[in-house]
């Protein structure tokens, strides 16, 4: 099971359509599909999803996360909170032999290629 959070600034150039295009280019042997605000990347019976979430209800969660991140200045933290948007990346499929770890890393790298996106491990928490 893999999980990451993508914090976003209000100026981020992230778009779901462009993310799909970049993921298809990066992972040509994977199935990449967009459903409303969710992208799924599937390969060999394993799936990871990227969901764009937004709204006031995220404020406390984003504040709590950025407050625990080392190296994030208060002004920068306020910028991530102000956007009230985030990417929720997760796979609920088990991967006991880490056969899909490289796919997870590729997804993270593609999301990091957008300006104004900071990928975070919510368990640590730490910047990916």
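In the numbering used here, the protein residues as written are 8 to 135.
Note that beta-carbon positions come from the ideal geometry of N, C-alpha and C, so glycine has one too.
By the CB criterion at 9 angstroms, residue 114 and residue 125 fall outside the cutoff. With respect to residue 56, residue 66 sits apart: the two C-beta atoms are not nearer than 9 angstroms. Per DSSP, reduced to three states, the secondary structure at residue 131 is coil, with no helix or strand assignment. Just so you know, the alpha carbons of residue 34 and residue 54 end up roughly 13 angstroms apart. Nearest Cα to residue 109 within the set 37, 24 and 72: 37.
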